[in-house]
Amino acid sequence: MRKKSILISIILIIVSLDQITKAYVTERFCYGESFPVLYNIFHITYVTNTGTAFSMFSGYSGLLLIFSICAALGIAVYLFFDKFKKTSGDAIPLSFILGGAVGNLTDRIFRGAVVDFLDLRVWPIFNIADSFITIGMTIIIVEIIIRESNLKKIKK
């Protein structure tokens, strides 16, 4: 039970950070406005995205909404039902991904598009939810690579 409480707390913190920062940007900035925090390195730029990462699948907002709901539910079921065997390292990165997915899903439901504002100038503009999804996926990929490497060493 304690582990589930920690995971729920992580998810709620991520969703809260994501939604608070998006609310700040939408209230303080005009659409398209860009504020240089570190000139030509890091800006706060208010844009929206009806697609997925890098604006792929823009114009498919209904389909993306359904997919987002299914993905979030799938991760939640896997994460919180003991029936599924998980490695000890899966839970936190999956909670990062779920928190990010719920943050962006909240935007899709209530705003019709995802608010993006973190602008590194050389990369597509993104948000806090995107960051946690990326961090969670990176951790899982690294864990898989390490596991596979260890399995190969054991087999030799």
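Going by the numbering used here, the sequence shown opens with residue 7, and the numbers climb by one from there.
Glycine included, C-beta positions come from ideal geometry on N, C-alpha and C.
Is S64 helix, strand or coil when you go by DSSP?
coil
Could you say which of P42, I147, Y37 and N46 lies nearest to N55 if we only look at CA atoms?
Y37
Rounded to a whole number of angstroms, what is the C-alpha to C-alpha distance between Y30 and L70?
If I take the Cα positions, the gap works out to 25 Å.
Please report the straight-line C-alpha distance between S155 and F102, rounded to a whole angstrom.
25 Å
The segment 44-51 contacting the segment 123-130, beta-carbon criterion three pairs below 8 Å:
yes
Is DSSP giving V108 helix, strand or coil here?
helix
Please report the residue range of the alpha helix (DSSP H) in which Y30 lies.
R8 to R34
Reduced DSSP category for F41 - H, G, I as helix; E, B as strand; rest coil:
strand
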